[in-house]
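Protein sequences, first through last, are from chains A and B. Convert by adding 639 to the 1-based position in the first sequence; the result is the number in our numbering. Convert by adding 639 to the 1-based position in the second sequence; the result is the number in our numbering. Here is the structure we will look at, set down as structure tokens.
Protein chains: 2
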Amino acid sequence: MTADVLPNVRVRCHELAPRVGDLRSNLAMIDEAIARASAADVDLLVLPELATSGYYLRDAEEVHSVAMTAHDPAFARWSAAAGKMAVVVGFAESDGETIYNSAAVVNGGGVLTVYRKTHLWGVEHESFTPGSAPPPVVDTAFGRLGILICYDMEFPELPRMLALQGADIIAVPTNWPPVPRPNGEHPPEVIQAMASARSSRVAIACCDRSGVERGNDWTRGSTVIGADGWPAGERVSDDCIDAKIAIDRDRRISDYNDALGDRRPQLYRL
Amino acid sequence: MTADVLPNVRVRCHELAPRVGDLRSNLAMIDEAIARASAADVDLLVLPELATSGYYLRDAEEVHSVAMTAHDPAFARWSAAAGKMAVVVGFAESDGETIYNSAAVVNGGGVLTVYRKTHLWGVEHESFTPGSAPPPVVDTAFGRLGILICYDMEFPELPRMLALQGADIIAVPTNWPPVPRPNGEHPPEVIQAMASARSSRVAIACCDRSGVERGNDWTRGSTVIGADGWPAGERVSDDCIDAKIAIDRDRRISDYNDALGDRRPQLYRL
Numbered sequence: 640m641t642a643d644v645l646p647n648v649r650v651r652c653h654e655l656a657p658r659v660g661d662l663r664s665n666l667a668m669i670d671e672a673i674a675r676a677s678a679a680d681v682d683l684l685v686l687p688e689l690a691t692s693g694y695y696l697r698d699a700e701e702v703h704s705v706a707m708t709a710h711d712p713a714f715a716r717w718s719a720a721a722g723k724m725a726v727v728v729g730f731a732e733s734d735g736e737t738i739y740n741s742a743a744v745v746n747g748g749g750v751l752t753v754y755r756k757t758h759l760w761g762v763e764h765e766s767f768t769p770g771s772a773p774p775p776v777v778d779t780a781f782g783r784l785g786i787l788i789c790y791d792m793e794f795p796e797l798p799r800m801l802a803l804q805g806a807d808i809i810a811v812p813t814n815w816p817p818v819p820r821p822n823g824e825h826p827p828e829v830i831q832a833m834a835s836a837r838s839s840r841v842a843i844a845c846c847d848r849s850g851v852e853r854g855n856d857w858t859r860g861s862t863v864i865g866a867d868g869w870p871a872g873e874r875v876s877d878d879c880i881d882a883k884i885a886i887d888r889d890r891r892i893s894d895y896n897d898a899l900g901d902r903r904p905q906l907y908r909l
Numbered sequence: 640m641t642a643d644v645l646p647n648v649r650v651r652c653h654e655l656a657p658r659v660g661d662l663r664s665n666l667a668m669i670d671e672a673i674a675r676a677s678a679a680d681v682d683l684l685v686l687p688e689l690a691t692s693g694y695y696l697r698d699a700e701e702v703h704s705v706a707m708t709a710h711d712p713a714f715a716r717w718s719a720a721a722g723k724m725a726v727v728v729g730f731a732e733s734d735g736e737t738i739y740n741s742a743a744v745v746n747g748g749g750v751l752t753v754y755r756k757t758h759l760w761g762v763e764h765e766s767f768t769p770g771s772a773p774p775p776v777v778d779t780a781f782g783r784l785g786i787l788i789c790y791d792m793e794f795p796e797l798p799r800m801l802a803l804q805g806a807d808i809i810a811v812p813t814n815w816p817p818v819p820r821p822n823g824e825h826p827p828e829v830i831q832a833m834a835s836a837r838s839s840r841v842a843i844a845c846c847d848r849s850g851v852e853r854g855n856d857w858t859r860g861s862t863v864i865g866a867d868g869w870p871a872g873e874r875v876s877d878d879c880i881d882a883k884i885a886i887d888r889d890r891r892i893s894d895y896n897d898a899l900g901d902r903r904p905q906l907y908r909l
């Protein structure tokens with residue numbers, strides 16, 4: 640173990656099944672998930688996109704009824720419960736009349752950051768305003784954590800950018816509707832995570848949904864990809880995927896090559 | 640079929656086994672591959688990286704002994720034989736004393752472009768100078784063709800850039816040394832091709848090597864990925880992978896989303 644290598648990080652993706660539109664019930668479910676993760680000595684708990692609200696919200700009125708700010712007492716409660724653990728949770732965020740599809744990073748120090756999804760999927764535009772700030776990288780007890788939300792990750796620019804900004808792990812709260820795939824293949828979003836992880840030597844943890852919501856199923860494709868690009872997670876219970884991730888800030892991939900250092904940005908037109 | 644959709648393109652990746660350092664033999668082998676592809680009505684023939692020279696060249700002297708320019712009579716012969724077909728072939732290119740790891744696109748119109756690999760792998764730096772120009776997109780009889788060489792493709796910026804420049808298919812001559820992978824997984828380079836294809840809705844055809852060269856084996860991972868991100872190739876003989884690719888310039892991926900149009904480049908720091 641060199642000085643560049645931090646100890647193994649225990650990562651958990653907890654596939655919650657929020658009750659759509661039932662904020663109180665969902666906040667209690669998140670309390671419970673944090674308590675379980677804390678008892679299991681998890682370092683990074685990733686929860687789904689819009690875990691507080693559910694995804695298939697009926698109309699603007701229902702969206703507003705479940706929206707909250709990062710000053711909501713729930714976040715203070717989660718901070719107290721998290722301690723050293725970093726918790727990434729998706730929520731419908733209100734800022735006056737504007738609603739964002741957001742994710743907060745919470746630990747014992749409070750709410751470290753709130754990221755507002757910048758690439759909206761499908762009819763999300765009808766309920767949410769896209770964020771205007773790029774995704775963040777924040778320092779946590781285990782290392783540097785980057786945040787994306789669901790469809791964001793399908794833009795290879797974004798995981799690359801977070802790796803260039805020093806992210807050790809990228810957490811991705813998601814709500815993946817099932818899509819067809821050939822037999823034996825991973826869900827396509829997992830393939831994108833694998834490729835992004837390998838090309839930048841950065842770990843990626845995606846937390847999908849469980850349950851059925853207003854008749855809509857989910858891929859349940861939660862995955863933790865190591866910096867080598869291979870899935871490292873294990874389903875330890877019906878709803879939890881756990882992994883130990885060795886953080887390695889050395890991006891070298893051979894005696895002669897470096898995944899980030901070999902870039903030639905002056906040639907790229909993006 | 641809408642006006643945006645061109646007819647199916649017949650793509651072939653022919654995994655050659657050049658004799659390292661034996662230029663004359665390798666040029667004849669390429670003649671034969673072009674003749675076979677022409678007889679099979681192939682529209683795009685992709686041959687490996689450094690097909691004219693082999694990969695594990697011993698020293699500078701051997702590299703120089705096999706280097707050639709795009710004015711070599713072999714290219715005129717290949718042009719005459721190609722007709723409407725586009726042929727992508729990797730070769731050691733000399734420019735005075737400077738040697739590049741290059742790929743040419745040849746059809747009946749001549750040598751359409753020569754691309755000099757910009758991201759060199761391993762000890763290639765000892766024999767080759769990296770190119771200073773970004774990879775090109777050229778018009779062919781079937782559509783717009785982008786070119787990358789091997790390790791280039793592992794930089795997600797590059798297939799993205801070629802898609803943004805209107806590439807319908809990206810051809811990637813490669814020499815993939817075998818690397819370990821978990822059971823049931825594609826070679827990691829194939830996963831990167833799948834992810835790049837899907838995220839930009841662009842087809843990608845990678846042609847690997849066959850044979851054993853100075854004791855070194857190859858992945859033989861040649862693959863043709865459709866714009867939907869799934870492998871579309873079929874091994875039709877020991878050394879040829881064929882696919883029919885439907886070109887679709889519509890990058891929409893849902894009623895609300897567009898793989899390229901949804902980008903927010905003002906947020907990207909690359």
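Beta carbons: idealized from backbone N, C-alpha and C, even for Gly. No experiment lies behind these values; they were computed from the predicted model shown.
Asked: A690 (chain A) versus A871 (chain A): straight-line alpha-carbon distance, rounded; Found: 24 Å
Asked: Residue-level contact to chain A via CB, D680 (chain B), 9 Å cutoff; Found: no
Asked: Interface positions of the stretch 857-872 of chain B facing chain A (Cβ-Cβ less than 7 Å), listed along the chain; Found: G868, W869
Asked: Neighbouring residues, chain A, relative to W760 (chain B) (Cβ below 8 Å); Found: S893, Y895, N896
Asked: Cβ-Cβ distance between R694 (chain A) and E688 (chain A) below 9 Å; Found: In the sequence as displayed, the identity of residue 694 (chain A) is Tyr instead of Arg. Their beta carbons are under 9 Å apart, which means Y694 (chain A) touches E688 (chain A) by this criterion.
Asked: Beta-carbon proximity check, W815 (chain B) vs G748 (chain B), cutoff 9 Å; Found: no
Asked: Of the listed residues B:V648, B:P646, B:C652, B:W717, nearest to D877 (chain B) (C-alpha basis); Found: B:C652
Asked: Local Cβ density within 10 Å of K723 (chain A), reported as buried at 16 or more and exposed below that; Found: exposed
Asked: Cβ neighbours of D643 (chain A) in the same chain (closer than 8 Å, five flanking residues each side left out); Found: Note that D643 (chain A) has pLDDT 48, beneath the 50 cutoff, so the model's placement of it is unreliable and the number below is only indicative. Correct list, in chain order: D887, R888, D889.
Asked: 9 Å Cβ cutoff, Y695 (chain B) in contact with chain A; Found: no
Asked: Length of the line joining the Cα atoms of G729 (chain A) and G868 (chain A); Found: 25 Å
Asked: Proximity of S771 (chain B) and P798 (chain B) at Cβ, strictly below 9 Å; Found: no
Asked: Within-9 Å CB hit, F767 (chain B) to chain A; Found: no
Asked: E700 (chain A), DSSP secondary structure in three states; Found: helix
Asked: Chain B residues whose Cβ lies nearer than 7 Å to that of D901 (chain A); Found: H758
Asked: Rounded C-alpha distance that separates A841 (chain A) from G785 (chain A); Found: First, the amino acid is wrong: residue 841 (chain A) is Val here, not Ala. If I take the Cα positions, the gap works out to 10 Å.
Asked: 4 or more residues per run - each alpha helix (DSSP H) lying fully within the stretch 745-804 of chain A; Found: 763-766, 796-803
Asked: Residue-chain proximity (A772 (chain A), chain B), Cβ-Cβ < 9 Å; Found: yes
Asked: V650 (chain B), enclosing beta strand (DSSP E) - first and last residue; Found: 648-653
Asked: D643 (chain A) (DSSP reduced to helix, strand or coil); Found: Confidence is the limiting factor: at D643 (chain A) the pLDDT is only 48, short of 50, which leaves the residue's position unreliable and the question unanswerable from this model.
Asked: Of the residues A:E796, A:A720, A:A866, A:P827, the one placed nearest L909 (chain B), counting alpha carbons only; Found: A:E796
Asked: Test item: CB-CB of R891 (chain A) and H758 (chain B) under 9 Å; Found: no
Asked: CB contact check: L909 (chain A) to chain B, cutoff 9 Å; Found: yes
Asked: Closer than 9 Å to chain B by CB, Y790 (chain A); Found: yes
Asked: Heavy atom of the ligand GDP within 8 Å of F767 (chain A) beta-carbon; Found: Looking for the ligand GDP in the displayed structure turns up nothing, as the structure carries no ligands at all.
Asked: Short CB-CB distance (under 9 Å) between P904 (chain A) and chain B; Found: yes
Asked: Beta carbon of A844 (chain B) nearer than 9 Å to that of V685 (chain B); Found: yes
Asked: Under 8 Å from the C-beta of I830 (chain A): neighbouring residues of chain B; Found: I830, M833, A834, R837, G868
Asked: Whole-angstrom C-beta distance between L801 (chain B) and V776 (chain B), which should lie under 8 Å; Found: 6 Å
Asked: Contact residues within the stretch 794-820 of chain A, judged by C-beta distance below 8 Å to chain B; Found: F794, P795, E796, L797, R799, M800, L803, Q804, R820
Asked: Exposed unless 16 or more other CB atoms sit within 10 angstroms - verdict on D901 (chain A); Found: buried
Asked: Residue range of the unbroken alpha helix (DSSP H) whose run includes P827 (chain B); Found: 827-839
Asked: Short Cβ contact (9 Å threshold) for K756 (chain A) with N740 (chain A); Found: yes
Asked: Under 9 Å between C-beta atoms of I669 (chain B) and H703 (chain B); Found: no
Asked: Environment of H710 (chain B) [buried if 16+ CB atoms lie within 10 Å]; Found: exposed
Asked: Cβ-based neighbour list, A706 (chain B), same chain, cut-off 7 Å, excluding 5 preceding and 5 following; Found: A731, E732, S733, I738
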